[in-house]
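So the structure is just underneath, and the comments pick up after that.
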Amino acid sequence: MKRMNMAALVAVATVLAHPFRTLAAAASTKPEPKLRLTAPTLPAMPRAIAGTVRADGSDPATLIRALNGAFDEFKTTHAREIEEIKAGKTDVLTKDKLDAINATLTELQTAVDDQARINAAAKLGDGAIIGDIKADPDYTKAFKAHMRRGDNASAEVRAAMQKGTDTDGGYLAPIEWDRTIGEKLKKISPMRAESRVITISVAGFKKYFSDRNVGSGWVGETASRPATTTPQIGVLDFVPGELYANPAISQQLLDDAAIDLEEWLGQEVDTEFSRQEGIGFLSGDGANKPYGILTYVTGAANAARHPYGAIKAVNSGDAAKLTGDGFVDLMYDLPSEFAGNAKLYINRQSLGAARKLKDGQGNFLWQPSYALGQPQTLNGAPIVEMPDMPTAGAGNVAALYGDMEATYLVVDRIGIRVLRDPYSNKPFVHFYTTKRVGGGVHNPEPMRALKIAVNA
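Residue numbers (the working numbering): 72 to 527.
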């Protein structure tokens, strides 16, 4: 996406701010504060004007200054909107300006978060090896030849099951492919990044649970010791479903173009898989897919599935919207032993509404990042944007709060497998790519859900 230079950006900021200031002056005797988004190399404006912000190596201090300047402008404009409402007049220009600044806050915060991830990744270096698994250059070469020409005649590739399955022309993707796509999925899918992830080598995974029903009592020195209650063992099955993508490319392009097969397939796979995973981990019904975490909330389809019960729902206190008291109730309902690693999971639209909430002293509950690597917060809780979370509406679960790693388990079965299919859709060659993945709640206690409803 084309970026705006400094001169163009300042011009856009002037155009954005001017109509609000000019027309608002007729209705108010107070001077309009100047928009403070004027830091050098500022990378963001509202989406509709400047496009999406990306972290691209911009000076982190500049991003932080721009973010906090935008928040100051947001607070000032929001205060004006409230004054207008109290006075019985609603200025659409003020509302539009507030919405524009809100969108800019979102873009700037995203840029700060992305820059922090880039910096963290850079510290790891480019040559990191996961565990003791090393890349196999010979197999990678044979795999690419198989993708381009359907060449699976290599005796070395046929020699071992772990290197390929020549009976149907399918191959397990090379380690570096599998690792790269897995890392991309982790960056794109917040649920995968926040959850506990394990890899299994069998068809499923079973987790055993004690019902904690252990009896005990106080006795005298010579008193009898009758039998106490014995805990019972429960079991949960985590059975992987299968994700697939089936991208196609013409045979002529495969023959003639020097395409980067790894990059192309990786982009196709991580985009489709991350989209499907995000839906499955949140709301999947368990039928050939994960059990979504939202289905374990009190009153939902899988509320009775776990031996420890459902994820407790806390009402927002209003039948149709988020409230500050609702977030406070949500956070303090979580037991203190889980609060240390707790985060707030919410979608972007709901987060925009939550930015307007204040505490009893008039302070905004939402606060931006004040340093690179520090998250945005709401009532002190780190925020994770979860695109597939429901929006704030009557009866919806608009936010989750808790320790996701202690709550949700993602189960990966081996890795990614590719089947080359030149026959089904001539002249195109399809690359049928599959990954078996499952998931479900392994402990509901470290999580709470915010439901849009009045308190009973």
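Don't be surprised by glycine CBs; every beta carbon is placed ideally from N, CA and C.
A quick note: this is a predicted structure, and the numbers were derived from the prediction, not measured.
{"Check": "Over what stretch of residues does the beta strand (DSSP E) that includes A452 continue unbroken?", "Outcome": "A452 to E456"}
{"Check": "Alpha carbon to alpha carbon, what distance is there between F398 and T462?", "Outcome": "15 Å"}
{"Check": "For the stretch 487–501 and the stretch 517–526, state whether three or more C-beta atom pairs, one from each stretch, are separated by less than 8 Å.", "Outcome": "no"}
{"Check": "Provide the residue(s) that pair with G140 in DSSP beta bridges, ordered along the chain.", "Outcome": "In DSSP, G140 forms no bridge with anything."}
{"Check": "Give every residue of the same chain whose Cβ lies closer than 8 Å to the Cβ of L353, excluding the five residues on either side of it in the sequence, and list them in chain order.", "Outcome": "M262, G363, I364, L365, M457, D459 and M460"}
{"Check": "Specify whether the stretch 468–484 and the stretch 262–276 touch according to this definition: at least 3 beta carbon pairs, one from each stretch, less than 8 Å apart.", "Outcome": "yes"}
{"Check": "Determine the contact status of S321 and F499, defining contact as a CB-CB distance below 8 Å.", "Outcome": "yes"}
{"Check": "Between T133, A158 and T165, which lies nearest to L179 when the distance is taken from Cα to Cα?", "Outcome": "T133"}
{"Check": "When you compare only the Cα positions, how much space is there between V183 and L401?", "Outcome": "27 Å"}
{"Check": "Would you tell me roughly how many angstroms separate the C-alpha atoms of G380 and M518, rounded to the nearest one?", "Outcome": "12 Å"}
{"Check": "Classify D341: buried if its beta carbon has 16 or more other beta carbons within 10 angstroms, exposed otherwise.", "Outcome": "buried"}
{"Check": "Quick one: grab the DSSP three-state call for G509.", "Outcome": "strand"}
{"Check": "Identify whether M518 lies in helix, strand or coil by the three-state DSSP scheme.", "Outcome": "strand"}
{"Check": "Write down the C-beta distance between G159 and S260 rounded to the nearest angstrom, noting that I regard them as a contact closer than 8 Å.", "Outcome": "Not confirmed; about 47 Å, so no contact."}
{"Check": "Given a threshold of 16 other Cβ atoms within 10 Å of its Cβ, counted over all protein chains shown, does I153 qualify as buried or as exposed?", "Outcome": "exposed"}
{"Check": "Per DSSP, what kind of secondary structure is V525 in: helix, strand or coil?", "Outcome": "coil"}
{"Check": "Just verifying my parser: in three-state terms, what is the DSSP assignment at K234?", "Outcome": "Because K234 carries a pLDDT of 39, less than 50, the predicted location of this residue cannot be relied on, and the following value inherits that uncertainty. Three-state result, K234: helix."}
{"Check": "Just to confirm the assignment, what range does the beta strand (DSSP E) spanning P261 have?", "Outcome": "No beta strand (DSSP E) contains P261, which is instead part of the alpha helix (DSSP H) from P261 to E265."}
{"Check": "Out of G288, V285 and E516, which has the shortest C-alpha to C-alpha gap to A410?", "Outcome": "E516"}
{"Check": "What does the alpha-carbon distance come out to for the pair L436 and D404?", "Outcome": "18 Å"}
{"Check": "So, helix, strand or coil for D459, using DSSP?", "Outcome": "coil"}
{"Check": "With A316 as the anchor, note down where its beta strand (DSSP E) starts and where it stops.", "Outcome": "G312 to A316"}
{"Check": "Considering just the uninterrupted stretch of the alpha helix (DSSP H) at Y367, what are its terminal residues?", "Outcome": "No alpha helix (DSSP H) contains Y367, which DSSP labels as neither H nor E."}
{"Check": "Could you tell me the distance, in whole angstroms, from the CA atom of P297 to the CA atom of G286?", "Outcome": "10 Å"}
{"Check": "If contacts are defined as beta-carbon pairs under 8 Å, then L176 and P439 qualify, I think. What distance do you get, rounded to the angstrom?", "Outcome": "7 Å"}
{"Check": "Could you give the distance in angstroms between the alpha-carbon of G312 and the alpha-carbon of N467?", "Outcome": "27 Å"}
{"Check": "Drop a sphere of 10 angstroms on the beta-carbon of I156, count the other beta-carbons inside from all chains shown, and report buried for 16 or more, exposed for fewer.", "Outcome": "exposed"}
{"Check": "Exposed or buried, A288, counting other C-beta atoms within 10 Å across all chains shown (16 or more means buried)?", "Outcome": "The residue asked about is misnamed: residue 288 is Gly in this sequence, not Ala. Per the 10 Å Cβ criterion, exposed."}
{"Check": "Take A413 and list the residues in its own chain whose beta-carbon comes closer than 7 Å to its own, dropping the five residues that flank it on each side.", "Outcome": "L405, A452, Y472, G473 and D474"}
{"Check": "Within 10 angstroms of the Cβ of P69, are there 16 or more other Cβ atoms? Answer buried if so, exposed if not.", "Outcome": "The question about residue 69 has no answer here: the residues shown for the chain are numbered 72 through 527."}
{"Check": "Answer yes or no: does any C-beta atom of chain C fall closer than 8 Å to that of T505?", "Outcome": "Note that chain C does not occur in the displayed structure, where there is just one protein chain."}
{"Check": "Among T270, R151, D170 and F145, which residue has its Cα nearest to the Cα of D483?", "Outcome": "T270"}
{"Check": "Residue range of the beta strand (DSSP E) that Y494 falls in?", "Outcome": "Y479 to N496"}
{"Check": "For Q338, tell me which candidate among N317, D326, K277 and G351 has the shortest Cα-Cα distance.", "Outcome": "N317"}
{"Check": "Within 10 angstroms of the Cβ of E144, are there 16 or more other Cβ atoms? Answer buried if so, exposed if not.", "Outcome": "buried"}
{"Check": "What residue range is occupied by the uninterrupted beta strand (DSSP E) comprising V385?", "Outcome": "K383 to N386"}
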